[in-house]
Amino acid sequence: MSRTPAEWMVPLDERILEILQAEGWSSPAYIARKVSLWASVGRVRERCRMLTYAQMIEPLTPRFENYDITGFGLRYLEGRLDASKQPRPSAREVLNS
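Position one of the sequence shown corresponds to residue 0 (numbering that gives the first Met the number 0), numbered consecutively onward.
What follows is the structure, encoded as structure tokens:
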């Protein structure tokens with residue numbers, strides 16, 4: 000299984016996707032506790048917004064309190080999706096969402 004990350008992705012993004020795949024929907028606070036990297040809740044929340052814009056995860060509530068992985072995210076983890084083909088998030092778009 001060879002994953003093809005987009006240039007904007009960071010290692011935390013893959014951990015977020017892996018946690019959502021393994022455990023189902025989760026909050027940024029829960030993910031921050033589970034991740035094996037040094038990640039604050041704020042940093043996880045920011046990366047969740049980036050992954051949402053790239054259609055790899057989706058918010059389950061209007062206030063972005065919980066997220067679940069999408070089919071795109073699952074295909075990425077399986078090595079069947081080139082993440083650079085997904086919409087490229089920008090800071091302005093992510094912060095304004």
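Positions of the beta carbon are idealized from the N, C-alpha and C atoms, including for glycine.
Under DSSP, the beta strand (DSSP E) around Glu-57 begins and ends at which residues?
Here residue 57 corresponds to residue number 58 of the sequence shown, with the count starting at 1. Counting along the chain, the unbroken beta strand (DSSP E) around Glu-57 starts and ends at 56–58.
Is Arg-62 buried or exposed, if buried means 16 or more other CB atoms sit within 10 Å of its CB?
For the purposes of this step, residue 62 is taken as the residue at position 63 of the sequence shown. By the 10 Å Cβ count, Arg-62 comes out exposed.
Who pairs with Thr-3 in a beta bridge, going by DSSP?
As a position in the sequence shown, residue 3 is number 4, starting the count at 1. DSSP, once it has assigned bridges, lists Asp-81 as partnering Thr-3.
In angstroms, rounded to a whole number, what distance separates the CA positions of Phe-71 and Leu-80?
Along the sequence shown, one-based indexing puts residue 71 at 72. Along the sequence shown, one-based indexing puts residue 80 at 81. Each residue's Cα considered, the two are about 7 Å apart.
Bridge partners for Tyr-66 per DSSP, in chain order?
Within the sequence shown, the letter at position 67 stands for residue 66. Beta-bridge analysis with DSSP links Tyr-66 to Ser-25 and Pro-58.
Per the contact definition of three or more C-beta pairs closer than 8 Å, is the region 16–31 in contact with the region 54–68?
Contact holds: three or more Cβ-Cβ distances are below 8 Å.
Do Tyr-52 and Pro-86 have their C-beta atoms closer together than 8 Å?
The sequence position of residue 52 within the sequence shown is 53, counting from 1. The sequence position of residue 86 within the sequence shown is 87, counting from 1. The answer is yes: Cβ separation under 8 Å.
Under the rule that 16 or more other beta-carbon atoms within 10 Å means buried, what is Ser-25, buried or exposed?
The sequence position of residue 25 within the sequence shown is 26, counting from 1. So Ser-25 counts as buried.
If you drop the 5 nearest sequence neighbours on each side, which residues of the same chain put their C-beta closer than 7 Å to that of Leu-59?
One-based indexing of the sequence shown puts residue 59 at position 60. Counting only residues of its own chain and dropping the five nearest sequence neighbours on each side, Leu-59 has a CB closer than 7 Å to the CB of Trp-24, Asn-65, Tyr-66 and Asp-67.
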